[in-house]
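Okay, so here's the structure we're looking at.
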Amino acid sequence: MRYLKPSSVEEAADLLESSQGMILAGGTDLCVYMAEGVVDPEALIDIGDLDAMRGIQAAKSDHGDVIRIGACTTIAEIATSEALPTCLRQGAQAVGSPQIRNLGTIGGNVCNASPCGDTLAPLLTLDARFVLRSSGGTRTVESGDFFTGPKQTVLGPGEILEFIEIPAASCARASAFRMIGNRKGQAISQVNAAVSLTIADGRMSDIRVAVGSVAPIPLRLTKLEGVLDGQPIDDVSLAAIREPVLEGIRPIDDVRSTATYRQEVTVSLVFDAWAECVGRASGEGECR
Amino acid sequence: MMIRFHCNGKPVQVDVEPNARVIDLLREDLGLTGTKEGCGRGECGACTILLDGKPVNACLLLVGKIVDREIVTIEGIAGEDGSLHPIQEAFLDTGAVQCGFCTPGMVLSAKALLDENGTPAVEAVEEALSGNLCRCTGYGKIVEGVLEASRRLTEGQDRGGG
Numbered sequence: 001m002r003y004l005k006p007s008s009v010e011e012a013a014d015l016l017e018s019s020q021g022m023i024l025a026g027g028t029d030l031c032v033y034m035a036e037g038v039v040d041p042e043a044l045i046d047i048g049d050l051d052a053m054r055g056i057q058a059a060k061s062d063h064g065d066v067i068r069i070g071a072c073t074t075i076a077e078i079a080t081s082e083a084l085p086t087c088l089r090q091g092a093q094a095v096g097s098p099q100i101r102n103l104g105t106i107g108g109n110v111c112n113a114s115p116c117g118d119t120l121a122p123l124l125t126l127d128a129r130f131v132l133r134s135s136g137g138t139r140t141v142e143s144g145d146f147f148t149g150p151k152q153t154v155l156g157p158g159e160i161l162e163f164i165e166i167p168a169a170s171c172a173r174a175s176a177f178r179m180i181g182n183r184k185g186q187a188i189s190q191v192n193a194a195v196s197l198t199i200a201d202g203r204m205s206d207i208r209v210a211v212g213s214v215a216p217i218p219l220r221l222t223k224l225e226g227v228l229d230g231q232p233i234d235d236v237s238l239a240a241i242r243e244p245v246l247e248g249i250r251p252i253d254d255v256r257s258t259a260t261y262r263q264e265v266t267v268s269l270v271f272d273a274w275a276e277c278v279g280r281a282s283g284e285g286e287c288r
Numbered sequence: 289m290m291i292r293f294h295c296n297g298k299p300v301q302v303d304v305e306p307n308a309r310v311i312d313l314l315r316e317d318l319g320l321t322g323t324k325e326g327c328g329r330g331e332c333g334a335c336t337i338l339l340d341g342k343p344v345n346a347c348l349l350l351v352g353k354i355v356d357r358e359i360v361t362i363e364g365i366a367g368e369d370g371s372l373h374p375i376q377e378a379f380l381d382t383g384a385v386q387c388g389f390c391t392p393g394m395v396l397s398a399k400a401l402l403d404e405n406g407t408p409a410v411e412a413v414e415e416a417l418s419g420n421l422c423r424c425t426g427y428g429k430i431v432e433g434v435l436e437a438s439r440r441l442t443e444g445q446d447r448g449g450g
């Protein structure tokens, strides 16, 4: 196995194009796959040290003002960045352990595309866009169009996730993330949920709700969003959101949980995340 | 391939494949067997080392990633005369060690925490140790050991600083 350390993302894309290699960022998933013999790449293309692919900064994109996150930014950096919306920081904090968060990257969490990835529901509620690099240039994909199945994405064989862009407008909304697992540390989500919204004169708008681990991909609950949009916050209750939540999800029985349990817990987690958002939007604590 | 990095404060140069795991480099090539391999999947934390001061799993770390960087293993925290680190002393005094297999990882996770936050609350200690499993299990005593180490290190600083 060759170990390649490109000095730019362009060189990384060329190496990926011309080899049977795999991209190595933090390695916290890839090293497990290699240890278990799930993959045996001809080459590893280590992009983890590329400074241009690390960090969080305000930028201008074709779509306007954004917060741009380099794909190799570690999960620990995401969890502690004051520049990022609450739900994304909370989701990052829920990933793995301190050791995993110090190595693992947000780009890795996205590209591994596990239905339970804890940064994915937050990214969906923030209307995040993914900038993909190949030897032919770049293209931008909406987060809602990126995931196609468990551990499957629209990422082509020669493509690398270079940046994640969050519109400045999304950062202005209140947001929150909740997850439930078997234990607090080092647990994989049985269900996770993220909500972001704006409140004006006691009514909600720009509401986004996304959930993970309850379908083959992390998904937006558009039916629920439609029900809540424009409504007064006082009309929202567990009973009121139950049907629209259950209509949107397709949980299964697996090693971590059962479909029935996931259904009940999803309703509660969405409600809890919504209530936290409303508390924050109403001026309790920080502005987002 | 010749790889250079710093280990426990000393420069190291070793001929090893860059896609080897750091846990194997430490144990097999450098004879530093204080770092334990438990699960080999990044779940148990027995192989915890510090990479530029931050705790990471040596079983998930490839040698190519430590080039020109600084790692610290459990062998690197004792004094030059072989005296134990205050965290190790506190672990002994509070009964935080049972079988000892998780202890090197626990001590290094504790060190990373105390280097950043000298007076952590119980919740911060539990969070810092959340990637280290103990199956004996002495979590209560281990948390107590970290808090005791925090007290001793803080007192030491107070004396030193006048």
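In order, the protein sequence lines correspond to chains F and W. What the first sequence shows, in our numbering, is residues 1 to 288, in sequence order. What the second sequence shows, in our numbering, is residues 289 to 450, in sequence order. In this text, a Cβ means the ideal position worked out from N, Cα and C, and glycines have one as well.
*Confirm, please, whether the CB-CB distance from W/LEU441 to W/PRO273 is below 8 Å.*
As displayed, chain W neither begins before 289 nor continues past 450, which places residue 273 of chain W out of reach and without an answer.
*asked:* I need the straight-line Cα distance from F/ILE160 to W/LEU348, nearest angstrom please.
replied: To locate residue 160 of chain F, count along the first sequence from 1; it is residue 160. To locate residue 348 of chain W, count along the second sequence from 1; it is residue 60. Roughly 21 Å between the two C-alpha positions.
_Here's a check: name, in chain order, each residue in its chain whose Cβ is nearer than 8 Å to the Cβ of F/LEU238, leaving out the five neighbours to either side._
To locate residue 238 of chain F, count along the first sequence from 1; it is residue 238. The answer, listed in chain order, is VAL267, SER268, PHE271.
_Considering only their Cβ atoms, is the gap separating W/PHE293 from W/VAL395 smaller than 8 Å?_
Counting from 1 along the second sequence, the entry for residue 395 of chain W is found at position 107. Counting from 1 along the second sequence, the entry for residue 293 of chain W is found at position 5. Against a cut-off of 8 Å, the Cβ pair of W/PHE293 and W/VAL395 comes out as no contact.
*State yes or no: is the C-beta of F/THR153 within less than 8 Å of the C-beta of F/PHE147?*
The count along the first sequence starts at 1 and reaches residue 153 of chain F at position 153. The count along the first sequence starts at 1 and reaches residue 147 of chain F at position 147. Cβ atoms of F/THR153 and F/PHE147: closer than 8 Å.
_the segment 192-205 of chain F in contact with the segment 298-312 of chain W per 3-pair CB rule at 8 Å_ = no
*In this structure, does DSSP put W/GLY449 in helix, strand or coil?*
As a position in the second sequence, residue 449 of chain W is number 161, starting the count at 1. The predicted position of W/GLY449 is uncertain, since its pLDDT is 46 and thus under 50; no value can be drawn from it.
*Quick one: is F/VAL32 near chain W, going by C-beta distance under 8 Å?*
Here residue 32 of chain F corresponds to residue number 32 of the first sequence, with the count starting at 1. F/VAL32 counts as touching chain W.
*Classify F/PRO157 as buried or exposed, calling it buried when 16 or more other Cβ atoms lie within 10 Å of its own Cβ.*
As a first step, residue 157 of chain F must be located in the first sequence, where it is residue number 157. When all chains shown are included, F/PRO157 counts as exposed.
*Indicate whether the contact test is met: 3 or more Cβ pairs, each with one atom in the segment 392-407 of chain W and one in the segment 430-438 of chain W, closer than 8 Å.*
yes
*Using a Cβ cut-off of 7 Å, pull out every chain F residue sitting near W/SER438, in sequence order please.*
Here residue 438 of chain W is taken as the residue at index 150 of the second sequence, counted from 1. Going along chain F, no residue has its Cβ under 7 Å from W/SER438, so there is no contact; the nearest lies around 17 Å.
*Which of the residues in the segment 328-352 of chain W, read from start to end, lie with their CB under 8 Å from any CB of chain F?*
GLY328, ARG329, GLY330, GLU331, GLY333, THR336, LEU339, LYS342, PRO343, VAL344, ASN345, CYS347, LEU348, LEU349, LEU350, GLY352
_According to DSSP, is F/ASP40 part of a helix, a strand, or is it coil?_
Working through the first sequence from its first residue, we reach residue 40 of chain F at position 40. DSSP places F/ASP40 in coil when its eight states are reduced to three.
*Closer than 8 Å to chain F by CB, W/ASN296*: In the second sequence, the residue the question calls residue 296 of chain W occupies position 8. No, because no Cβ of chain F sits closer than 8 Å to the Cβ of W/ASN296.
*Would you mind telling me which residues of chain F sit closer than 7 Å to W/PRO306, beta carbon to beta carbon, in chain order?*
Here residue 306 of chain W refers to the residue found at position 18 when the second sequence is read from its first residue. Going along chain F in sequence order, the residues near W/PRO306 (Cβ under 7 Å) are TYR3.
*What is the rounded straight-line gap between the Cα of F/ALA35 and the Cα of F/ASP49?*
Here residue 35 of chain F corresponds to residue number 35 of the first sequence, with the count starting at 1. Here residue 49 of chain F corresponds to residue number 49 of the first sequence, with the count starting at 1. F/ALA35 and F/ASP49: Cα-Cα distance of roughly 23 Å.
_Residue-chain proximity (W/GLY419, chain F), Cβ-Cβ < 8 Å_ = Start at 1 with the first residue of the second sequence, and residue 419 of chain W comes out as number 131. Yes, because at least one Cβ of chain F sits closer than 8 Å to the Cβ of W/GLY419.
*Determine the contact status of W/ALA412 and W/LEU401, defining contact as a CB-CB distance below 8 Å.*
Taking the first residue of the second sequence as position 1, residue 412 of chain W is located at position 124. Taking the first residue of the second sequence as position 1, residue 401 of chain W is located at position 113. Going by C-beta atoms, W/ALA412 is nearer than 8 Å to W/LEU401.
_Minimum length 3: unbroken beta strand (DSSP E) runs contained in the segment 77-150 of chain F_ = 129-134, 137-142, 147-149
*asked:* So W/ALA416 contacts chain F; which residues on that side make the cut at Cβ distance below 7 Å?
replied: By 1-based counting over the second sequence, the position of residue 416 of chain W is 128. The contacting residues are PRO98.
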